[in-house]
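Written out below as structure tokens is the structure these notes cover.
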Amino acid sequence: MKSIEIRETGGPSVLQLAERPCPELTGPDDILVKLAAAGVNPIDTKIRSNGPMLPAGFPAVLGCDGAGVVEAVGEAVTRFKPGDEVWFCYGGLGGPVGTYAEYIVLDNHLAQAKPRSIEMVEAAAAPLVLLTAWEALHDRARLHEGHRVLIHAGAGGVGHVAIQLAKAAGARVCTTVSSPEKAAFAHALGAEYCINYQEEDLVGAVMEWTGGQGVDIAFDTVGPAVFRQTIPAMAHYGDLVTILDPGPELDLKEARMRNLRISLELMLTPMLRDVPRARVQQGEILRRCAKLIDRGDLRIHVSETFPLEQAAAAHALLEQGHVTGKLALTSA
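Residues in the sequence shown are numbered consecutively from 256, following the numbering used here.
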């Protein structure tokens with residue numbers, strides 16, 4: 256089978272097309288999936304640049320997100336049969352298992368039935384960002400109807416689904432964007448108020464929108480500087496969640512005065528630390544997101560697709576920044 260692998264760290268050019276044996280079922284709970292597409296995520300570019308996150312190391316096939324058709328099932332599998340369409344987040348952190356390939360074998364409990372109403376490309380691009388946004392908003396920040404929520408980078412991969420998940424929960428949403436075009440995109444997803452961070456003061460804009468109260472929940476998907484800037488925009492007793500390391504130079508005096516709950520979100524933990532309970536929970540999240548997608552309350556925006564062989568071009572585009580929504584690779 257064709258796959259894209261890395262044998263050393265570096266720029267996009269280290270992504271090389273390779274031939275590998277097609278994986279085979281090794282356990283009674285396994286399924287063999289012929290991949291139709293794979294999502295491209297920032298974690299992929301970080302592993303390419305910094306090295307695998309798992310001991311399996313090099314050579315490594317990248318890609319955590321995938322969607323495809325079940326081709327074979329282990330003897331204990333009752334959830335799926337050949338021909339079923341599935342989506343999942345699995346692999347891509349080190350060693351030979353990843354979704355930048357034509358086939359993958361995984362435990363059937365890690366996959367879910369693909370949403371019926373979307374194509375394979377959209378399904379493949381969705382799991383990692385959906386799990387990240389859901390865990391951040393629902394599990395970390397305890398999102399409820401009526402909350403005022405600030406989503407940073409609302410036109411990005413995580414941000415554009417976070418807006419929709421917050422809106423579906425009955426929250427009021429504001430977001431940061433970098434252009435009028437991205438503001439229009441975010442408004443169409445359900446954002447009530449957009450802040451152009453290149454032209455407007457974040458705290459001033461948030462306070463104007465909230466009548467001086469600040470937001471109940473803020474979701475940082477950008478990094479330490481934005482995390483720090485967000486603290487004075489929070490309501491007292493609010494929840495501030497970040498998917499990145501907030502950095503060593505962090506003054507939490509104002510956060511403490513506001514009695515903020517600060518949470519860290521990493522949806523990769525179940526793969527990195529082998530936490531079965533969390534894997535089950537993530538499967539339930541994907542199942543619930545599929546329902547939202549199929550009833551029209553959640554959509555996945557893929558701005559551009561690349562053939563598997565052009566993975567390096569996809570990485571180069573992603574690293575330029577400002578991609579709207581997601582990128583995906585197609586292997587069919």
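Each residue gets a CB set at the ideal place from its N, CA and C atoms; glycine is no exception.
Residues that DSSP places opposite residue i in a beta bridge
i	result
V376	For V376, which the question treats as bridged, DSSP gives no partner whatsoever.
S433	Paired residues: none, contrary to the question.
F561	L584
G323	L290 and V341
R516	D494
C449	T430
Q271	E260
F474	I406 and V496
Y358	K289
R295	The residue asked about is misnamed: residue 295 is Val in this sequence, not Arg. In DSSP, V295 forms a bridge with L582.
Assigned exposure category for residue i - 16 Cβ within 10 Å defines buried
i	result
D506	exposed
D456	exposed
H407	buried
T476	buried
V496	buried
P503	exposed
L492	The residue asked about is misnamed: residue 492 is Tyr in this sequence, not Leu. So Y492 ends up on the exposed side.
R542	exposed
N296	buried
A545	buried
E520	buried
N363	buried
H402	buried
T281	exposed
Residue-chain proximity (residue i, chain B), Cβ-Cβ < 8 Å
i	result
H393	Considering every chain present, this structure includes no chain B. It has just one protein chain.
Proximity to residue i [Cα-Cα], best of the options
i	options	result
P485	P351, A379, G353 and T430	In the sequence under discussion, the amino acid at residue 485 is Thr, which differs from the Pro named in the question. Ranking the options by Cα distance to T485, first place goes to T430.
V360	E390, A322 and V384	A322
L272	G580, L572 and A568	A568
P487	A391, A510 and D320	A510
A391	V458, G353, I298 and R516	R516
I472	G350, K437, L444 and N514	N514
K257	L527, L572, P562 and L573	P562
Y355	Q537, L309 and V316	V316
I613	I298, T264, R275 and G401	No information on residue 613 is available, as it lies outside the stretch 256 to 587 that the chain covers here.
D320	D549, M526 and L444	M526
C277	G580, A426, A438 and Y358	Y358
R528	H415, T465, L572 and L348	L348
A417	A388, P435, V428 and A441	A388
G350	H415, G466 and R303	R303
T300	P310, R275, A311 and I261	I261
V328	E279, V352 and P314	E279
K437	D500, E559 and A410	A410
E374	G425, A291, T465 and H442	A291
D494	D500, G478, P501 and S518	S518
A311	T465, G338 and G346	G346
S558	P283, D500, F440 and I548	F440
8 Å Cβ cutoff met for residue i and residue j
i	j	result
A293	A583	yes
G412	V432	no
P307	C344	no
L287	E263	no
V470	A490	yes
L365	G538	yes
H570	P267	yes
L405	F474	yes
K289	V341	no
L444	H415	yes
E463	A426	no
- request: Could you tell me whether the segment 419-431 touches the segment 323-335, where touching means 3 or more Cβ pairs closer than 8 Å?
  value: no
task: Pair every Cβ in the segment 360-377 with every Cβ in the segment 387-406, then say whether three or more of these pairs are closer than 8 Å.
output: no
message: So, does the segment 376-386 touch the segment 440-454, judging by three or more C-beta pairs under 8 Å?
response: No, the segment 376-386 is not in contact with the segment 440-454.
query: Between the segment 524-533 and the segment 550-559, do at least 3 Cβ pairs fall closer than 8 Å?
result: no
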